[in-house]
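Chains as they are written, first to last, in this note's numbering: chain U, 1 to 323; chain Y, 324 to 828.
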C-alpha cells in the first residue's frame, strides 16, 4: 500500500514494516561486513555469485509463500513441488522435448497443483496446513515413482548453461527474481486482487459481505505459490544439472522462515514483497557464512530457529500494544 | 454428591443467601448496571426479567465471577465477598446453567458430570464407578438419560439437562438458569421444572431468567424487573401479572428522542413474498423508497437470518424476491450489492470490518473494482474516496492509514456505513446499527438514515431495542421463532403490545 504511505501522517503499520525491513537490511550489511573482514573467501566474485544464486531460488518460492500466508493460509508443499517439477522438466528434456516446451509444460503444473490445493481447502473443507502437508508427501512420492528414485542427468548444455549466465555482472537467476518480484509487487500492492488477498486474510466474512469473491482470491494465492515453486524447480534443475525427486527437501520451511523473518504474519493480512526477498537473503547469508567460518553446519539450523522466534515475538509484541 | 445435595443447608433464617448492595458495572462507553440492590433468600426461585440489553446478563456475570464489579458490594450469607474470577463463585456453591451448553461433546455424559472432579484410584480414572454414580444422579433427578452415552449423541435439550445435573450435583447453594428452556421440548421443560422445585425444597436459591412469562408464573416465587441497567422493582409473583411486568420492562424516560423526519414514501423498492430459508419461514414484506421498515424480535427470532438470505449470504428454500418490480435471485453477496442491496451486519468486529487493516482500506473494500483500471488501483481515487467518507461522516482517526481496530465503536460503525455510502445503494439493511455506539454517534446515524431516505433509498432496520425501531420504523414487523407474526404502522400500538407479540404470550 505504497500509495497510502504518501499520507500526511505516517502509517503505523507501514512504519513498522519499513523499520523491520531497514533493520533486516542493516543486519544483512553487518553480517556481510563481518564476513568480509573475518574470511578471505566471502568477498570474492565467485562466492557472491554463488550466494545470489542460492538466495534467488529461495526468494522465488518465498514470494509465492507470502501470497498464501497473507490470506491466512500456508503452503507446505512448495519444497515437494520444487522436487517434482525438477524431475518433470528433466524427464521432458530427456525425451528430447525442446527446452522452451519442457519449461512451459512444467510451469503449467503450477496452476494444476495450486488449483488442487485451493479446491481441497474450499470444497473439501481441509485446513491449508493439512491439505498441503498431504500433497507434500504425495508429490515426493509421485516424483520418486516417475524416476524410480534415480537421478536424471545429461541435459542439453543450453539448459544447464542458463543458470551460469550473468548479465551486467548479475547472475541470471537473480534477474529471474527481479522479473518475479516486480510483477508480484504490483499485484500485491497496487492491484485490486492484491487488496482482496489482504482482505481475505484479515476477515474473510467481512470481505465476503463486501462482495469480494473469496474462492477466486484463494485460488489465485495457491496457484501463484505452486507456479513459482515450479519455476524454482526448473531453475534448480538447470543449476545442479540433474533431476532428482528429493530436490528441495526442507525448502518449505526455508520459504516460510524467509517470509516470516521479512515481517509476514502467520495470522494473515500482514506482509510485503520486500520481506521475503530480505528474509531469503538473510538465511542464505547465515548458511554461506557458517560454511566459510567453518562453523558446524548444524549451527545454521539453530540460528535460523532462534531468529524466527525472535522476529515473531517482536511481531506479537507490536500486535498486543495495538489492541 | 447426591448426599451433599440432600442435606438441606441450614442457613440462618432471615439472612439472604446472596445480597447485592448498590452493585455497579461500567464497560468502556456503557453503564451496564446502575446501583442494583437486591436480596436472594434461601430456598426461593427468583425470576429476573427485562428486555435484551437491560442488564440481566451483566448481573449474572457479576454473580458468577465472570465479570468484576465496578463498585458496590456482594454479601454471601451476610458476609461481604470479593470475586476475582469464576472459581471464587464456584467455591461458594454458585453455579450457572447457560442457554448455550458449555460442556465437552466428545466425552460421555458421566465424564461431563464429573469433569474437573473425577473419581480416581492410584491416579487412574474409575470409569465404571463414575458411570454408576452418574446414572444414580440422573435417575435421582428423574432425568431419563444414559450416563455412558456420548454427550454429542444427545439433543441440545438433553445436553441442557446434563448441564443442569452437573450443576445440581456439586453441592450447589445458588443456581442460576439463564434462558434454560430455549431448546427444551415440553417434556424436558417439565423434567427441568421438577428438578427446580426439588432444589427449591432443599433450600437452594434459584435465579431464573426467561423471556417466557408463563414459565415465570409457573415456577417463580418473586420476580425482579431490570430496565436499562436499573432495578425497576421486585414483586411477589402471586401479587403481580404479565401486563404490569411488561409495562415495567418497556417504560422509559421520555428524554430519548430518535431523529425522524417526515419523508413522503415513493414507489415499492423491494417486495418479498413467502420467503423461507435457514432460520426463518414464510416471510412477506414490502419496502418503499423513503421508508424505514423496522424488524423487531427477541435475539434468535430469525431477523438476521432473513436479511442474510435477502443479501445472498444464504440461499432461500422458497418464496420470491422482487426488486424494483423485477424478480431477482442472488447466488452470492456480490449479486445483491450489484443490484443495489447492501447489508451493514450485526457484528462490526466479526462481519463488518477488516480490523487489522487501515481505515481507508475498509472504506474502499466494496469499490476496489470501480477504482481500478486494468486491475490497477488508481491511488488518487483511493485517497479521495476514503477522505471524502471520513470528512462527510466525521470519522475520528489520526489518518486514513491507521488500522480500524484503533478506533472507538462509534467510529468503527461509521466506517461500516461509510463503505456502503462510498459504494452507493438503493436498499440499506441496518442490522443492530447502534449497539455499542455512544449517544452522539447514534444521533448522527439516525440523521444519516434520513439523508439516505430523502435521496430515495429504502431502509430495513433490525433492532432489539424496541424504542429505536418503534420511533424510527414507518412500518414495524415483529419476528418470533423464525416467522413474521405481526405488522404495525408507525406508532399505531403501544410498546407493551409489541413486546407481548415478540415474546408470544
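Ideal placement from N, C-alpha and C gives every residue a C-beta, glycine not left out.
- Annotation: the continuous beta strand (DSSP E) that includes residue 419 of chain Y extends over 417-420.
- Three or more beta-carbon pairs separated by less than 8 Å are not found between the segment 171-184 of chain U and the segment 649-666 of chain Y, which leaves the two stretches without contact.
- Going by C-alpha positions, residue 752 of chain Y is about 21 Å away from residue 713 of chain Y.
- Residues of the segment 688-699 of chain Y whose Cβ lies closer than 7 Å to any Cβ of chain U, in chain order: 688, 689, 691, 692, 695, 698, 699.
- Just so you know, the alpha carbons of residue 41 of chain U and residue 264 of chain U end up roughly 33 Å apart.
- Using a CB distance cut-off of 8 Å, residue 636 of chain Y counts as an interface residue toward chain U.
- Think of a sphere of 7 Å around the beta carbon of residue 675 of chain Y: the chain U residues whose beta carbon falls inside it are 206, in chain order.
- Unbroken alpha helix (DSSP H) stretches of 4 residues or longer found wholly inside the segment 55-129 of chain U: 78-94, 99-122, given in chain order.
- With three or more CB-CB distances shorter than 8 Å, the segment 510-528 of chain Y counts as touching the segment 354-368 of chain Y.
- For residue 198 of chain U, the nearest CB of chain Y lies under 8 Å from its own CB, placing it at the interface with that chain.
- By the Cβ rule, the segment 107-120 of chain U does not count as touching the segment 275-290 of chain U, because fewer than three pairs are nearer than 8 Å.
- Remark: C-beta atoms of residue 598 of chain Y and residue 610 of chain Y do not approach each other more closely than 8 Å.
- The segment 464-508 of chain Y is shown to contain whole beta strand (DSSP E) runs of 3 or more residues at 497-501, in chain order.
- Only those residues of the segment 205-228 of chain U whose C-beta falls short of 9 Å from the nearest C-beta of chain Y are listed: 205, 206, 207, 208, 209, 210, 211, 212, 213.
- Residue 789 of chain Y is not a Cβ neighbour of residue 741 of chain Y, given a cutoff of 8 Å.
- Interface annotation, residue 767 of chain Y: not in contact with chain U, CB-CB separation never under 8 Å.
- Within chain U, 211 have C-beta atoms less than 7 Å from the C-beta of residue 660 of chain Y, given in sequence order.
- Within 10 angstroms of the beta-carbon of residue 703 of chain Y lie fewer than 16 other beta-carbons, which makes it exposed.
- For the set U/54, U/122, U/288, U/128, the Cα lying nearest the Cα of residue 233 of chain U is the one of U/54.
- Counting only Cβ-Cβ distances below 7 Å, residue 656 of chain Y has contacts in chain U at 208, 209, 211, in chain order.
- In this structure, residue 311 of chain U and residue 261 of chain U form a Cβ contact; the two beta carbons are roughly 5 Å apart against a cut-off of 8 Å.
- DSSP places residue 183 of chain U in the uninterrupted alpha helix (DSSP H) bounded by 172-190.
- Here the alpha carbon of residue 296 of chain U sits roughly 34 Å from the alpha carbon of residue 155 of chain U.
- With a minimum length of 3 residues, the unbroken runs of beta strand (DSSP E) contained wholly in the segment 577-614 of chain Y fall at 591-600, 603-611.
- With respect to chain U, the C-beta atom of residue 737 of chain Y has no partner C-beta closer than 8 Å.
- Comparing C-alpha distances from residue 735 of chain Y to each of Y/744, Y/718, Y/748 shows the shortest one belongs to Y/718.
- Beta-bridge pairing by DSSP links residue 770 of chain Y to no other residue.
- Assignment of residue 163 of chain U by DSSP, reduced to helix, strand and coil, places it in the coil class.
- It is roughly 8 Å from the alpha-carbon of residue 612 of chain Y to the alpha-carbon of residue 749 of chain Y.
- Under the three-state reduction of DSSP output, residue 302 of chain U falls in the helix class.
- With contacts defined as CB atoms closer than 8 Å, residue 135 of chain U and residue 243 of chain U fail to qualify as a contacting pair.
- Look at residue 630 of chain Y here: in three-state DSSP terms it is helix.
- None of the residues of the segment 247-259 of chain U has a beta carbon lying less than 9 Å from any beta carbon of chain Y.
- For the segment 719-795 of chain Y, the continuous alpha helix (DSSP H) assignments of 4+ residues that do not extend past its boundaries occur at 732-746, 762-777, 789-795, in sequence order.
- In the structure shown, residue 312 of chain U adopts helical secondary structure according to DSSP, grouped into three states.
- Boundaries of the alpha helix (DSSP H) harbouring residue 284 of chain U: 274-292, taken from the DSSP string.
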